[in-house]
Structures are given as C-alpha cells and as structure tokens.
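A.B. asks: Basically my numbering = 1-based index in the sequence shown + 109.
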Amino acid sequence: MHQSTDPGSRAPAGRSAARPRVQRPRVLRCAWPALAGALVFALLLVLVRTGWGPLARLDQGWVSVLHRYALRHPVWTAAMQTLADLGAPWVMRALLGAVAVWLWALGARVLAGWAVAATLLGWAATGVGRALAGRPRPHFADPVAVGSGLSFPSGHALASAVTCGALLVLAWPRTERPVRVAATGAAALAVLAVGWTRIALGVHWPSDVPAGWAAAAVALAGPALAVELWLPGRFGRDVRLLRRRARPRVQRVLAPPLPPVESATERDPGRS
110 MHQSTDPGSR
120 APAGRSAARP
130 RVQRPRVLRC
140 AWPALAGALV
150 FALLLVLVRT
160 GWGPLARLDQ
170 GWVSVLHRYA
180 LRHPVWTAAM
190 QTLADLGAPW
200 VMRALLGAVA
210 VWLWALGARV
220 LAGWAVAATL
230 LGWAATGVGR
240 ALAGRPRPHF
250 ADPVAVGSGL
260 SFPSGHALAS
270 AVTCGALLVL
280 AWPRTERPVR
290 VAATGAAALA
300 VLAVGWTRIA
310 LGVHWPSDVP
320 AGWAAAAVAL
330 AGPALAVELW
340 LPGRFGRDVR
350 LLRRRARPRV
360 QRVLAPPLPP
370 VESATERDPG
380 RS
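#1: Between which two residues does the alpha helix (DSSP H) containing L259 stretch?
#2: For L220 and L212, which I take to be in contact (beta-carbon distance under 8 Å), what is that distance rounded to the nearest angstrom?
#3: Report yes if the CB atom of R158 is closer than 9 Å to the CB atom of L267, and no otherwise.
#4: Would you call H182 buried or exposed, if buried means 16 or more other Cβ atoms sit within 10 Å of its Cβ?
#5: Mind checking V399: buried by the 16 CB within 10 Å criterion, or exposed?
#6: Let me confirm a value: V318 is counted as buried when at least 16 other C-beta atoms fall within 10 Å, else exposed. Which label applies?
#7: Measure how close the beta-carbons of L83 and L351 come, nearest whole angstrom, since I'm counting them as under 8 Å.
#8: Spatial neighbours of A140 within its chain, please: C-beta separation below 6 Å, excluding the five flanking residues on both sides.
#9: For A227, which option in A324, A147 and D347 has the closest C-alpha, if you only look at C-alpha atoms?
#10: Less than 9 Å between the beta carbons of F261 and R244, yes or no?
#11: Since L230 and R354 are thought to touch, with beta carbons under 8 Å apart, how far apart are those beta carbons, to the nearest angstrom?
Following this line, the structure appears as structure tokens:
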C-alpha cells in the first residue's frame, strides 16, 4: 500500500497540535473589560479636555467641601494620609512585582509576565493620560496635602486597582466560594478607600479617580487578551497549576503488611 510522504499534507495537523485553538469565551471574557475601560477613560478624557461644565462644577464642589472638612478634622486627615501612603503607586507596584517573582519561581511564567505587563501598562497609562489631559491638580492656599505632577488620572487609584485586581485573579482558583466573596469585598473596599483618600486630601479632582480605575481595567485585561489571542490556553494552564499547588498534600501512610494466617495444622503439626 502506497503512503503519501508529502509533508504539506501533515502540516495543518502538526500546527493544530502544537498551537491550541483560540477559545472565543475566554477572549470575550478579557475583551469586554478592556473595551469598557478604554471607552470610560476616553470619555472622561474628552470631558476634561473640553472643560464640560457639569463635570467641572461637580469636581470643584466636591473638592471644596472635602477640603473644608479636612481642615476642621486633623485626625481624619491624618488617617487619610496614612491610608494613601499604604496605597502609594510604588508600594502597589513593588507588591505586584514580588508576586510576579513568586509566580515565576512556581513555574507560572505566563501569569508572571501578565502581572509585570499589567504593572508596566498601568504606569504607562498614567503618563500618557496626564500628557493628553494636561490637567493641573486642585490648588488651595492652605493645602492639607501636596501632590506632584499633573492630575488626570489618579496614579494611586490606578495602581491600587491593578494590584488588588491582579491579586484577586490569582487567588480565585486557589480558594472556595466563601473566601472568594470575602476577597472580592476586601479588594473592592481597598480600591475604593485609596481612591477616596485622593479626593479627601484635595490632591485630585473626583473624576481623576474613576479614570484611574478605567485605565486599570485596560492594564489588567489587555495583556490577558493578548495571551488568549497569541498563546491560547497558556493562561488557563498556569491557572490550573496554581489550583493544583493549592490542594492540600495528603501524605499516604502505608500500614505494615499483615502476618500470614497460619492454618490449624501449621500451628499443631502433631494433629495431622
């Protein structure tokens, strides 16, 4: 029987075996938060650049009220400053960087690269957004805190959302449902609290904070989308690796072998 030796006839099968097919549900799961975040960020950027009246009045009104409150309540202001220091961008990036090193050592190389890419993309989005918006920070004659650089978007809000979001994604396959609910609530509360401190201290306009959150969605979902498109299945493989590592290691204790059962004749040879 003659068998075809044409290598071209086997190439598609070899390629399909080496490269898994793109899974549409996974792609959509990453695409919609990236798209939604990009649209919200772009909308806020346009409104800030054009000086849209309702948004400008809202920003000014909130900042003025909170500044007066901060001046009258120094303990509150000190608490806000402490919380803001804990959620500083360099702290959040260092934390996520340490997690990336741990993932790399664990063998989850794609997840480690995703964490690093999300951090770098968030940092880049802060610089690009501020360059495009050119928005100065709120100015007071008697400030309770001072921020550096431009205002839009909030770097604290962006970095805390990226780090807490990444930690939540990594913890998801390793935990049960009650822990997931608690972790989601804790992450959301931390992100909201850090964002609130920037407004309460008068170093950001209120609209800077949701802009940071929107950019964080792009920073988290964008690299994940790229992985699902160009390296399909690799993200899920690393997630399964984390799930396996999270399972408790059960040590099997082998019982000693039982002694052989002797027959009656073996116990008393005289009876035979």
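Ideal placement from N, C-alpha and C gives every residue a C-beta, glycine not left out.
C.D. replies: Result, derived from the coordinates:
#1: Within the sequence shown, the letter at position 150 stands for residue 259. Segment: none, L259 is in no alpha helix (DSSP H) and carries neither H nor E.
#2: As a first step, residue 220 must be located in the sequence shown, where it is residue number 111. As a first step, residue 212 must be located in the sequence shown, where it is residue number 103. About 5 Å; that satisfies the 8 Å criterion.
#3: Position 49 of the sequence shown, counting from 1, holds the residue named residue 158. Position 158 of the sequence shown, counting from 1, holds the residue named residue 267. No, they are not a contact pair.
#4: Locating residue 182 in the sequence shown gives position 73, where the first residue counts as 1. When all chains shown are included, H182 counts as exposed.
#5: Examination of residue 399 is not possible in this model, given that the chain is present from 110 through 381 alone.
#6: The sequence position of residue 318 within the sequence shown is 209, counting from 1. The residue in question, V318, is buried, as its Cβ has 16 or more Cβ neighbours within 10 Å.
#7: Outside the modelled stretch of the chain, which goes from 110 to 381, sits residue 83, for which no answer is possible.
#8: Here residue 140 refers to the residue found at position 31 when the sequence shown is read from its first residue. If we look at A140 and ignore the five residues flanking it on each side, its Cβ neighbours are L334.
#9: What you label residue 227 is simply residue 118 of the sequence shown in a count that begins at 1. Checking every option, the nearest Cα to that of A227 belongs to A324.
#10: One-based indexing of the sequence shown puts residue 261 at position 152. One-based indexing of the sequence shown puts residue 244 at position 135. Yes, they are a contact pair.
#11: On the sequence shown, residue 230 is found 121 positions in, with the first residue counted as 1. On the sequence shown, residue 354 is found 245 positions in, with the first residue counted as 1. So it is not a contact: roughly 27 Å between Cβ atoms.
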